[in-house]
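Residue numbering for the sequence shown follows our numbering, beginning at 778 and increasing consecutively. Every residue gets a Cβ at the ideal spot worked out from N, C-alpha and C, and that includes glycine. Remember, predicted model here, so these are calculated numbers, not experimental data.
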Amino acid sequence: MREIENSLWANVPDTMSRIHPVLIEQKISEGLNTAESLGLTDDHGLYRFVESQLLLGDRFWQHEVFKDTWNQAKTDAVFVAQIQAITQGLMNEGSR
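So, in C-alpha coordinates, the structure goes:
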(Lines of atoms letter the chains of each structure in order from A and count residues from 1; the text may use other names and numbers.)
(Lines give C-alpha, C1' and ligand atoms only; values in the text may rest on other atoms or scores of the structure.)
Protein backbone atom coordinates (compact mmCIF):
# COMPACT_ATOMS: atom_id res chain seq x y z
CA MET A 1 0.00 0.00 0.00
CA ARG A 2 2.92 2.35 0.69
CA GLU A 3 4.14 1.95 -2.92
CA ILE A 4 0.73 3.00 -4.22
CA GLU A 5 0.65 6.01 -1.93
CA ASN A 6 4.15 7.04 -3.02
CA SER A 7 3.19 6.69 -6.69
CA LEU A 8 0.04 8.73 -6.14
CA TRP A 9 2.06 11.51 -4.50
CA ALA A 10 4.44 11.44 -7.46
CA ASN A 11 1.75 11.37 -10.16
CA VAL A 12 -1.23 13.29 -8.74
CA PRO A 13 0.15 15.49 -5.95
CA ASP A 14 -2.60 18.11 -6.23
CA THR A 15 -5.28 15.48 -5.72
CA MET A 16 -3.40 13.86 -2.84
CA SER A 17 -2.89 17.21 -1.11
CA ARG A 18 -6.68 17.67 -0.95
CA ILE A 19 -7.19 14.45 1.02
CA HIS A 20 -6.94 14.66 4.79
CA PRO A 21 -3.79 12.73 5.79
CA VAL A 22 -5.76 10.49 8.15
CA LEU A 23 -7.99 9.37 5.25
CA ILE A 24 -5.30 8.56 2.67
CA GLU A 25 -4.67 4.98 3.80
CA GLN A 26 -8.42 4.36 4.11
CA LYS A 27 -9.14 5.67 0.59
CA ILE A 28 -6.36 3.54 -0.89
CA SER A 29 -7.52 0.45 1.01
CA GLU A 30 -11.14 0.93 -0.05
CA GLY A 31 -10.04 1.45 -3.65
CA LEU A 32 -7.95 -1.72 -3.61
CA ASN A 33 -10.82 -3.73 -2.11
CA THR A 34 -13.24 -2.48 -4.77
CA ALA A 35 -10.72 -3.09 -7.56
CA GLU A 36 -10.09 -6.65 -6.41
CA SER A 37 -13.81 -7.34 -6.15
CA LEU A 38 -14.14 -6.25 -9.79
CA GLY A 39 -11.44 -8.67 -10.92
CA LEU A 40 -8.31 -6.50 -11.04
CA THR A 41 -5.22 -8.35 -9.88
CA ASP A 42 -1.99 -6.88 -11.24
CA ASP A 43 -0.17 -3.99 -9.59
CA HIS A 44 -0.58 -1.58 -12.49
CA GLY A 45 -4.31 -2.24 -12.82
CA LEU A 46 -4.82 -1.84 -9.08
CA TYR A 47 -2.82 1.39 -9.02
CA ARG A 48 -4.70 2.87 -12.00
CA PHE A 49 -8.01 1.98 -10.35
CA VAL A 50 -7.12 3.77 -7.10
CA GLU A 51 -5.75 6.74 -9.04
CA SER A 52 -8.91 6.89 -11.17
CA GLN A 53 -11.10 6.68 -8.10
CA LEU A 54 -9.32 9.68 -6.59
CA LEU A 55 -9.48 11.67 -9.82
CA LEU A 56 -12.94 10.69 -11.10
CA GLY A 57 -14.87 9.84 -7.93
CA ASP A 58 -15.50 6.81 -5.75
CA ARG A 59 -18.07 5.29 -8.09
CA PHE A 60 -16.47 6.06 -11.46
CA TRP A 61 -16.31 2.33 -12.18
CA GLN A 62 -20.12 2.12 -12.29
CA HIS A 63 -20.28 4.40 -15.35
CA GLU A 64 -21.76 2.92 -18.52
CA VAL A 65 -18.34 3.07 -20.22
CA PHE A 66 -17.03 0.38 -17.86
CA LYS A 67 -20.05 -1.94 -17.72
CA ASP A 68 -18.39 -4.68 -19.81
CA THR A 69 -14.97 -4.29 -18.20
CA TRP A 70 -15.25 -6.10 -14.91
CA ASN A 71 -14.58 -9.73 -14.01
CA GLN A 72 -13.29 -10.80 -17.40
CA ALA A 73 -10.35 -13.05 -18.18
CA LYS A 74 -8.23 -9.97 -18.95
CA THR A 75 -9.86 -7.38 -16.69
CA ASP A 76 -6.57 -5.62 -15.91
CA ALA A 77 -5.58 -5.15 -19.55
CA VAL A 78 -9.06 -4.05 -20.61
CA PHE A 79 -9.38 -1.55 -17.75
CA VAL A 80 -5.91 -0.05 -18.19
CA ALA A 81 -6.50 0.39 -21.93
CA GLN A 82 -9.88 2.03 -21.28
CA ILE A 83 -8.63 4.41 -18.61
CA GLN A 84 -5.61 5.37 -20.74
CA ALA A 85 -7.90 6.16 -23.68
CA ILE A 86 -10.19 8.23 -21.47
CA THR A 87 -7.28 10.08 -19.88
CA GLN A 88 -5.72 10.75 -23.28
CA GLY A 89 -9.05 12.01 -24.60
CA LEU A 90 -9.41 14.40 -21.66
CA MET A 91 -5.87 15.67 -22.15
CA ASN A 92 -6.51 16.24 -25.86
CA GLU A 93 -9.72 18.15 -25.11
CA GLY A 94 -7.89 20.30 -22.59
CA SER A 95 -5.25 21.31 -25.13
CA ARG A 96 -7.77 22.67 -27.64
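Helix, strand or coil at residue i [DSSP, three-state]
i, result
"HIS797", "coil"
"LEU785", "helix"
"TRP838", "helix"
"ALA862", "helix"
"ASN810", "helix"
"LYS851", "coil"
"LEU817", "coil"
"TYR792", "Going by the sequence as given, residue 792 is Thr instead of Tyr. The answer is helix: DSSP assigns THR792 an H, G or I state."
Candidates the options: closest to residue i by CA position
i, options, result
"LEU809", "PRO790, LEU831, MET793", "LEU831"
"TRP847", "SER794, VAL827, THR811", "THR811"
"ILE863", "GLN849, ARG825, SER806", "ARG825"
"LEU785", "SER829, PHE856, SER814, GLU813", "SER829"
"ALA850", "LEU817, ASN788, ALA858, VAL789", "LEU817"
"ASP835", "ASN869, GLN803, GLU870, GLY866", "GLN803"
"VAL789", "LEU833, GLU807, PHE837, GLU870", "LEU833"
"ARG819", "GLY866, PHE856, ASN869, GLU870", "First, the amino acid is wrong: residue 819 is Asp here, not Arg. Nearest option by C-alpha distance: PHE856."
Beta-carbon proximity check, residue i vs residue j, cutoff 7 Å
i, j, result
"GLY822", "ASP853", "yes"
"MET778", "ILE796", "no"
"VAL827", "ILE781", "yes"
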